[in-house]
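Undergrad:
There are 2 protein chains.
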Amino acid sequence: MSSVEKYIKENAKSFEEQLFNFLRIPSVSTDSKHKGDVKKAAQFLIDQLNEIGLDKVTLHETEGHPIITAEKCPHEDRPTVLIYGHYDVQPSDPDELWETPPFEPTVKDGRVYARGSSDDKGQSFTHVKAIEAYMKTGTDLPVNVKFILEGEEEIGSPNLIPFIKANKELLKCDMVLISDTAMFGEDQPSITYGLRGLAYMEVHVTGPNRDLHSGVFGGAVENPANALAEIIAKLKDEDGVIQIPGFYDDVEPMTAEMREAYKQLPFDEKGYKKDLNLTALHGEKGYGTLERASARPSLDVNGLWSGYQGEGAKTVLPAKAGAKISMRLVPDQEPQKIAELFSDYVNSIAPDTVTVEVEEHHGGYPVVIDLDFYGLKAAAKAFEEVYNKDVLFAREGGSIPIVADFKKVLGVNSILMGFGLTKDALHSPNESFSLKDFHRGIQTSAKFFELLPEYSE
Amino acid sequence: MSSVEKYIKENAKSFEEQLFNFLRIPSVSTDSKHKGDVKKAAQFLIDQLNEIGLDKVTLHETEGHPIITAEKCPHEDRPTVLIYGHYDVQPSDPDELWETPPFEPTVKDGRVYARGSSDDKGQSFTHVKAIEAYMKTGTDLPVNVKFILEGEEEIGSPNLIPFIKANKELLKCDMVLISDTAMFGEDQPSITYGLRGLAYMEVHVTGPNRDLHSGVFGGAVENPANALAEIIAKLKDEDGVIQIPGFYDDVEPMTAEMREAYKQLPFDEKGYKKDLNLTALHGEKGYGTLERASARPSLDVNGLWSGYQGEGAKTVLPAKAGAKISMRLVPDQEPQKIAELFSDYVNSIAPDTVTVEVEEHHGGYPVVIDLDFYGLKAAAKAFEEVYNKDVLFAREGGSIPIVADFKKVLGVNSILMGFGLTKDALHSPNESFSLKDFHRGIQTSAKFFELLPEYSE
């Protein structure tokens, strides 16, 4: 056992206590009455980073909550890893559904229950402790490390991208390391190597200038709700294929290697259906469920409204109908281009008997990390040494916009080294994090830094 | 001028004052705190009917508000006319939008402003005054008349049908006379000879057992909102033809005479579109706008809901979606049969990836009075003599369920002799009624009774 490993083992209890102190700070970024608490959490990290001996530890004020940077770069000729994490948390409400107080960490069955335990205080803190193990044991840090820790992830990171753009030199690196995702299952280390992008649209259909009596006008005037339904029905065919012209033009076809990686994933379709109480699944023809949910683009109605939604019957021919419709994107689809194709198509199929307006909400780029990237290989090896099990490579269906932004602005890949589990209840009452994975996370991080130089050669 | 006409002319002012007293009673049937007022309005009519010398004037208590009957049947060999009206009114709220108090009748530019002025106190009172003119002048009443006046029309007449069924002998008649509709335009007498029926359905589509993250599950799980839109889109084709198998089987085709009657109606399609702020109308191919709105069946979404309807973007794949969908029916479509056909069709096109439930709200039978019916002809002639203008025969797109019920239970046609105008603002603030039409209504009613015997021969 190396002195780093020994240090991590011997300080396990102390690391937990420090994490609990971190979790006691209710750093809810969306709630202005917690502004002081968010600052307090930032100060907690500043103290940590100073204490372990990092250089250039800096708290950068923004228009919102602060951004923290720090670094230790002992080797000009070795890779630089930029560690990203966030110290803000989601609100705890509904508080009455928590079995223990959200900001009083409570350990049950080897899990710590507290808001932020998994997302992302517990996960991001692993890297701080891994680097501490090198610094405090006088072990040469095998790579260069930099930190960027923000306090606004739960509110959409409004100040992060401008900061990155303005500080490219400070943040210059060879890869980003992020622990803010889940493993494929308990004791099953996994690396997320792909995330879908997003184009989120809103469609408004307007017919007559007022709600009409459906008896008096029904049959003579186009009904905006019927028209909207017809528009939505034309967005996909019966095989689940999206009908927007040009929609698939930039979709990178799945390679044999990718499809093989999907086959390796231990997926229980029966259990998946049972969990959702569905007798049948549905998606794009020719692809498996996991592929449809992460490697292929999708289109979903997220919201729908028109006319009378109350109890009983109201004979109204509504003046308006609306829908929120979003598309998950895969490389190399561009959110802006997809939004335009959607808008053009919807306008082209809209009848001239109604007025259709299409607006765009926020979007995000899809991202896939090449499985040949040496950082991924080193991370996989580190996981395998600690967990004693082969890593699964998986793509996720959701979006983490910052990953695409790091690629765009800094030109680097991100390694999504998640230590969470889907049962962690992120954003929900009774969020928790496995303490076993907290410790294995620290070990995996330390191992990753140790292994990375040889993979980079 | 006959003594009846003279009496009506000489008592014009007194009739107005009596109507205003009737309008001062806030007989809001839906509001239990006005229960005493509804009773007071009933008593007002009882006093009127007794005062003019009708027989068997009776107030029948029900589980709700009372029903009044009365009659004068001097001629065994002549037709009997059952006059239907209602003395209850809609609530007056929002009161702040009334320019004058809703229960203090105010005359402006020849119109009386008050809740119930047109719907239906003012209109139904015309017949009371017409009969009074015969009785008070000692003129032989040319026909037999009966009254049925209810206090629950605005709450769906829950006690009326059972009462009619239980009192068929008391209500035995050759036709029903109802003044509770609007004329086609100012100074343009019109008779509504058809009303559409109604089948009102609600469709619930359920997918997964909970709202899902559209990033994680989008593409793999059928979206209930998309599925609902696809179901709705299949209810009609691009020509506006309803696709439910068997839907048109019982539709009575329009005769050449009917279509000719439609052509006679002074319809300004340009003005109609302008009023609704529409550049184009839409409906079943092969029919004109008025035909589509009243002589042909229709299908409309009345309400639609699913997922997130708030501001901004929420990436939810909703667990549920729902719609209210109603169909207007024409003879000889039966609401119950149509409801079943709808339900069968929706179930047959629903994908097996979701659960679809269809429920039925209230329905109503369509009705059309044969234009050859002598009562209609007598009513038309009476209108023409008083208004000095040819009557228009029109069908309405809405429903007055009681008309179909009179046909079903008593086996008789109804004559819809409306004296209102669309600008009367029924159910809205500042309801009003033209006093000129109030007086012409009394004259038309009296003339109708005078002319009816010769048309019945």
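For the record, the sequence lines run as chains B and L.
Residues in the first sequence are numbered from 1 upward in steps of one, following the UniProt record's numbering.
Residues in the second sequence are numbered from 1 upward in steps of one, following the UniProt record's numbering.
Idealized CB from N, CA, C, for every residue including glycine.
1. Is the beta carbon of L:E222 less than 9 angstroms from the beta carbon of B:L281?
2. Taking a Cβ distance cut-off of 8 angstroms, strictly less, list which residues of the stretch 342-371 of chain B are near chain L, in chain order.
3. If we call anything under 9 angstroms between Cβ atoms a contact, is L:M183 one with L:I52?
4. Which class does L:T126 belong to by DSSP, given the choice of helix, strand or coil?
5. Using CA coordinates, which residue listed in B:I164, B:F383 and B:F438 is at the minimum distance from B:L451?
6. Hey, could you find the ends of the alpha helix (DSSP H) L:T69 is sitting in?
7. Just to confirm the assignment, what range does the beta strand (DSSP E) spanning B:G363 have?
8. From B:E76 to B:C173, what does the alpha carbon distance come to, in whole angstroms?
9. Taking the beta strand (DSSP E) that B:T137 falls in, what are its first and last residues?
10. Using the rule of at least 16 other Cβ atoms within 10 Å of the residue's Cβ for burial, across every protein chain shown, is L:Q264 buried or exposed?
11. Let me confirm a value: B:D352 is counted as buried when at least 16 other C-beta atoms fall within 10 Å, else exposed. Which label applies?
12. Count the C-beta pairs between the stretch 391-398 of chain L and the stretch 338-347 of chain L that are closer than 8 angstroms, then say yes if the count reaches three, no if not.
13. Give the range of the beta strand (DSSP E) segment to which B:S343 is assigned.
14. Count Cβ pairs between the stretch 325-340 of chain L and the stretch 244-258 of chain B that sit closer than 8 angstroms; are there 3 or more?
15. To the nearest angstrom, report how far apart B:H362 and B:G156 are at their CA atoms.
16. Would you decide whether B:Q243 is buried or exposed? Buried here means 16 or more other CB atoms lie within 10 Å of its CB.
17. If you measure from the beta carbon of L:G375 to each beta carbon in chain B, is any gap under 9 angstroms?
18. Consider the Cβ of B:T315: report whether some Cβ of chain L lies at a distance smaller than 9 angstroms.
19. Who pairs with B:F147 in a beta bridge, going by DSSP?
20. Which residue marks the beginning of the alpha helix (DSSP H) containing L:F20, and which one marks its end?
21. Can you confirm whether B:D31, when its beta carbon is compared against all beta carbons of chain L, has any partner nearer than 9 angstroms?
22. At the level of alpha carbons, what is the spacing between B:F419 and B:V241?
23. Rounded to a whole number of angstroms, what is the C-alpha to C-alpha distance between B:D250 and B:R196?
24. Looking only at its chain, what residues have a beta carbon closer than 8 angstroms to the beta carbon of L:D211, apart from the 5 residues adjacent to it on each side?
25. If you run the structure through DSSP and keep just helix, strand and coil, what is L:I415?
26. Which residues of chain B have a Cβ atom closer than 7 angstroms to the Cβ of residue 464 of chain L, listed in chain order?
27. Closer than 7 angstroms by C-beta to L:A225: which residues in its own chain qualify, once you throw out the five before and the five after it? Chain order, please.
28. Any Cβ of chain L within less than 9 angstroms of the Cβ of B:D300?
29. What is the DSSP secondary structure of B:G197, counted as helix, strand or coil?
30. Could you check which residue in B:I231, B:P266, B:G219 and B:G122 has the C-alpha nearest to that of B:P189?
31. Would you mind sorting B:T289 into buried or exposed? The rule is 16 or more other CB atoms within 10 Å of its CB.
32. Taking C-beta pairs closer than 7 angstroms, name the residues in chain L that B:G110 reaches, listed in chain order.
33. How many Å lie between L:D300 and L:P208 at the Cα?
34. For chain L, is any of its Cβ atoms less than 9 angstroms away from the one on B:G286?
35. Which of the three DSSP states, helix, strand or coil, is assigned to B:L392?
36. With H, G and I counted as helix, E and B as strand and the rest as coil, what does DSSP make of B:N223?
TA: According to the structure shown:
1. yes
2. P351, D352, T353, H361 and H362
3. no
4. helix
5. B:F383
6. Careful: L:T69 lies outside any alpha helix (DSSP H), inside the beta strand (DSSP E) at I67 to K72.
7. T355 to G364
8. 11 angstroms
9. Neither: B:T137 is in no beta strand (DSSP E) and is coded neither H nor E.
10. exposed
11. exposed
12. no
13. First-last for B:S343: P335 to I349, but that is the alpha helix (DSSP H), not the beta strand (DSSP E).
14. no
15. 10 angstroms
16. exposed
17. no
18. yes
19. B:A70 and B:I83
20. A12 to L23
21. no
22. 35 angstroms
23. 14 angstroms
24. G307, V316, L317, P318 and A319
25. strand
26. Outside the displayed span of chain L (1 to 457) sits residue 464 of chain L, for which this structure offers no information.
27. S306, G307, P318 and A321
28. yes
29. strand
30. B:P266
31. buried
32. Within 7 angstroms Cβ-Cβ: nothing; B:G110 doesn't reach chain L, min ~26 angstroms.
33. 27 angstroms
34. no
35. strand
36. coil
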